[in-house]
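Visitor: So the protein sequences, as listed, match chains D and W.
Residue numbers for the first sequence follow our numbering, so the first one is 27 and each next one is one higher.
Residue numbers for the second sequence follow our numbering, so the first one is 1363 and each next one is one higher.
No residue lacks a Cβ here, since even glycine has one placed at the ideal position from N, Cα and C.
Only a predicted model underlies this, so the values are computations on that prediction, with no experimental measurement involved.
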Amino acid sequence: MDTVIKTYELTKKFGHITAVNSINLEIYKGETLALLGPNGAGKTTFISMLSTLVKSTSGTATLCNIDINRDPLGVRKKIGIVFQEPSTDDLLTARENLYLHSMLYGLNKNEINKKIDEIMGIVGLYERKDDFVRTFSGGMRRRLEIARGLLHEPQVLFLDEPTLGLDPSSRKNIWQYIKYIKEKNKTTIILTTHYMEEADLLSDRIAIIDYGKIVALDTPNNLKNKLGRDIVILKGDISEEIKKLDFVLNVENIEHGCKITLKDINKNLKELINKAGSFEEIEIRRVSLEDVFFKFTGHKIEEGKENNGIFETIARYKTTGK
Amino acid sequence: MINYTAIYSLILREIKVFLREKERILSILISPLLFLFVIGRGVKAEVAIHNYTYQQFIFPGILAMVILFTSITYGLYIIWDKRLDFLKEVLVAPISRATLFWGKAIGGIFGSMIETIILILIGSIFIIKINLLQALLILISAIFISTMLISIGLAIGGKMKSMEGFGLVMSFLTWPMFFFSGALFEIKDTQHYLKIISMINPFTYCVDIMRKILINYSSFNIYLDIFMIFLWLIINSYIAIRIFGNLQQTK
Ligand SMILES: Nc1ncnc2c1ncn2[C@@H]1O[C@H](COP(=O)(O)OP(=O)(O)OP(=O)(O)O)[C@@H](O)[C@H]1O
Ligand SMILES: [Mg+2]
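(1) Which partner residues of Glu306 (chain D) appear in the DSSP bridge assignment?
(2) Flag Thr218 (chain D) as yes when its Cβ comes closer than 8 Å to any non-hydrogen atom of ligand 2, and as no otherwise.
(3) Identify the contact partners of Arg102 (chain D) in chain W, using a Cβ-Cβ distance below 9 Å as the criterion.
(4) What does Met129 (chain D) reach in chain W if we use C-beta pairs closer than 9 Å?
(5) Hey, does Leu170 (chain D) have any beta-carbon neighbour from chain W nearer than 9 Å?
(6) Return no unless some Cβ of chain D is closer than 9 Å to the Cβ of Lys1521 (chain W).
(7) Shorter than 8 Å, the distance from the beta carbon of Gly106 (chain D) to the closest heavy atom of ligand 1, or not?
(8) Three or more C-beta pairs closer than 8 Å, one from the stretch 1421-1429 of chain W and one from the stretch 1560-1570 of chain W: is that the case here?
(9) Here's the rule I'm using: 16 or more other beta-carbon atoms within 10 Å means buried, otherwise exposed. How should Ile1471 (chain W) be labelled?
(10) Expressed to the nearest angstrom, what Euclidean distance is found between the alpha-carbon atoms of Gly100 (chain D) and Asn91 (chain D)?
(11) When you compare each of D:Val274, D:Asn211, D:Glu111 to Gly191 (chain D) by their alpha carbons, which one comes out closest?
(12) At a Cβ cut of 7 Å, what residues of the stretch 181-196 of chain D count as close to chain W, listed as they run along the chain?
(13) Taking Cβ to Cβ, would you say Leu1481 (chain W) is nearer than 9 Å to Pro1394 (chain W)?
(14) Any Cβ of chain W within less than 9 Å of the Cβ of Ile80 (chain D)?
(15) I need the DSSP call for Leu51 (chain D), collapsed to helix, strand or coil.
(16) Measuring only the C-alpha atoms, how far is Ile327 (chain D) from Pro64 (chain D)?
(17) What residues from the stretch 1438-1452 of chain W come within 9 Å of chain D, judged by C-beta to C-beta, listed N to C?
(18) Would you give the residue range spanned by the alpha helix (DSSP H) that Val318 (chain D) belongs to?
(19) At a CB-CB cut-off below 8 Å, which residues of chain W make contact with Ser77 (chain D)?
(20) Run through the DSSP bridge pairs and tell me what Gly84 (chain D) is partnered with.
(21) Would DSSP call Asp1620 (chain W) helix, strand or coil?
(22) Could you give the DSSP three-state label for Gly283 (chain D): helix, strand or coil?
(23) Would you say the beta carbon of Asp186 (chain D) comes nearer than 8 Å to a heavy atom of ligand 1?
(24) Which residue comes first and which comes last in the alpha helix (DSSP H) that contains Asp143 (chain D)?
(25) Going by DSSP, what residue range makes up the beta strand (DSSP E) through Leu183 (chain D)?
(26) I want to see whether chain D comes within less than 9 Å of Lys1378 (chain W), judged by CB atoms only; does it?
(27) Between Ile11 (chain D) and Gly66 (chain D), what straight-line distance do the alpha-carbon atoms span, to the nearest angstrom?
(28) Between the C-alpha atoms of Met1525 (chain W) and Ile105 (chain D), what's the straight-line distance to the nearest angstrom?
(29) Which residue marks the beginning of the beta strand (DSSP E) containing Ile240 (chain D), and which one marks its end?
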């Protein structure tokens, strides 16, 4: 497999905070890599360095064999990016935003209008294309931004929480389109998200990043299999005995009970229940990506909320001034 | 290195934004018009210089002042682009930072031109006769003066983190540049120290060339004026491009 991105001890420090800590990572042509990690883990910083918007403190990376520090312009010619934070121009209309983008990226003049119409249709903004962006809702703006990032069909695409704040049906549309682009152009995609479903659906590999380090890297299935296949959640007064059973891989104490990961559930469930003592409630389910996430980061994540929470925003504002 | 399509598109953006933000045009005209009609009229009787009324004498300086304020303000507005994160989109585009700089700089000339035309109209109605050739020469000079001054604004704006610095730049740079330029007085007749400061000040030569065009009077040789404006244009744009080269995402 061809390597598209390779990082060498890539590091970024902001004062005493190490946002990205000596990351060595290889990303292959045509694959979609999802970066998962709690708020402040360093996902955006990592992407910013690869897209030459932030200079690394030490270490470097190559993108299509071009060094990000030596030839940033060369790197920028290969990439497209959808930023986590809004970056469309309020003072222009949606169409003007896309037009400006097309010109900056040197798209063929005769095709620009056709392409803009097409992509506006895909993100469902065709009727609003001549309206000012400042009159758009948050989700519409987001869709416009995705349209813009995809417009010039780059070889490498960075999507920083692309579907943040989108309604379920827009989200599905965007997913479909991302898949389509990937199939059609063999685009290499680096995606960050807090939606596990999205990572599961879109990515070939997942990198979990915590405190600027990659703590796990594998396909979604392998990651889940590492935890075991099934989870049993028992509520009530559970006996300590179960920890000693040889088919039990992991026991985690939760409110009013415990969460047990085990092997061969068909064979072993009965014995587990026998040993568990008096329980009031039982829930059995497959290991999900979310379980993997908790396992490796040990933090709680609530879908969507974490990112828009007012306290998070204030806290982040105070620490980073953004 | 320079991508002309990109420059063209950046210019187009600036012109559209300028035309949509009409309040900016008016707000910039207020101080110069106060100078022209309050101070200009108020002291006219006492100091008539070289057969011109004081108001006529300062008019070229006020014209240049309008270009100064428009240009510096425009340059500093790049901080807004940073704040609105629009700059990120341009920074990540496959264009060199020199291209970005020239797109921004030339894009700002349009604003200065509009303001200059307004001033020429006001001047020719109320203050002094201006013929077509003069108007043309003024506009041509305004192109280069404006680019030279915009470069200063962009260089500072590129370095600044927040809009709070805006007021500081206006008080500690723009106003002093105006006051030490001879816009309101004749440089030859002043104190030695004022003269020296004026000669370092790039804006002095802008005022001087306008005065030469409008009332055929100047403190310096016209070729010196042209030379100095171009010299400063090269220096300022060089510095600004260097600063643009180091622009990073700040959030
Ligand atoms: N410009 C900056 N100045 C100072 N510190 C910064 C800056 N940008 C990021 N940081 C810090 O670097 C760390 C990583 O931030 P980053 O934005 O990369 O996290 P993230 O993984 O993208 O988080 P989120 O999920 O909230 O988007 C954080 O501790 C943040 O405070
Ligand atoms: Mg982020």
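Guide: Straight from the coordinates:
(1) The partner list for Glu306 (chain D) (beta bridge, DSSP) is empty, contrary to what the question assumes.
(2) Correct: Thr218 (chain D) has its Cβ closer than 8 Å to ligand 2.
(3) Leu1453, Val1454, Ala1455, Pro1456, Ile1457
(4) Those within 9 Å of Met129 (chain D) in chain W are Thr1367, Ala1368, Tyr1370, Ser1371, Leu1372, Leu1374.
(5) no
(6) no
(7) Every heavy atom of ligand 1 is 8 Å or more from the Cβ of Gly106 (chain D), so no.
(8) yes
(9) buried
(10) For Gly100 (chain D) and Asn91 (chain D), the distance between alpha carbons rounds to 10 Å.
(11) D:Glu111
(12) none
(13) The answer is yes: Cβ separation under 9 Å.
(14) The question names Ile, yet the displayed sequence has Val at residue 80 (chain D). It does; some Cβ of chain W falls within 9 Å.
(15) Collapsing the DSSP output to three states places Leu51 (chain D) in a strand.
(16) Low confidence applies to Ile327 (chain D): its pLDDT is 47, below 50, so where it sits in the model is not reliable, and the reading given next is rough at best. Near 7 Å, if we compare the C-alpha coordinates of Pro64 (chain D) and Ile327 (chain D).
(17) Asp1443, Leu1446, Asp1447, Phe1448, Leu1449, Lys1450, Glu1451, Val1452
(18) 315-323
(19) Val1454
(20) What sits at residue 84 (chain D) in the sequence shown is Ser, not Gly. In DSSP, Ser84 (chain D) forms a bridge with D:Thr37.
(21) Shown here, chain W extends from 1363 to 1613; a query on residue 1620 (chain W) therefore has no answer.
(22) strand
(23) yes
(24) 135-148
(25) 182-186
(26) yes
(27) Residue 11 (chain D) lies beyond the range of chain D shown here (27 to 348); nothing can be said about it.
(28) 31 Å
(29) 239-244
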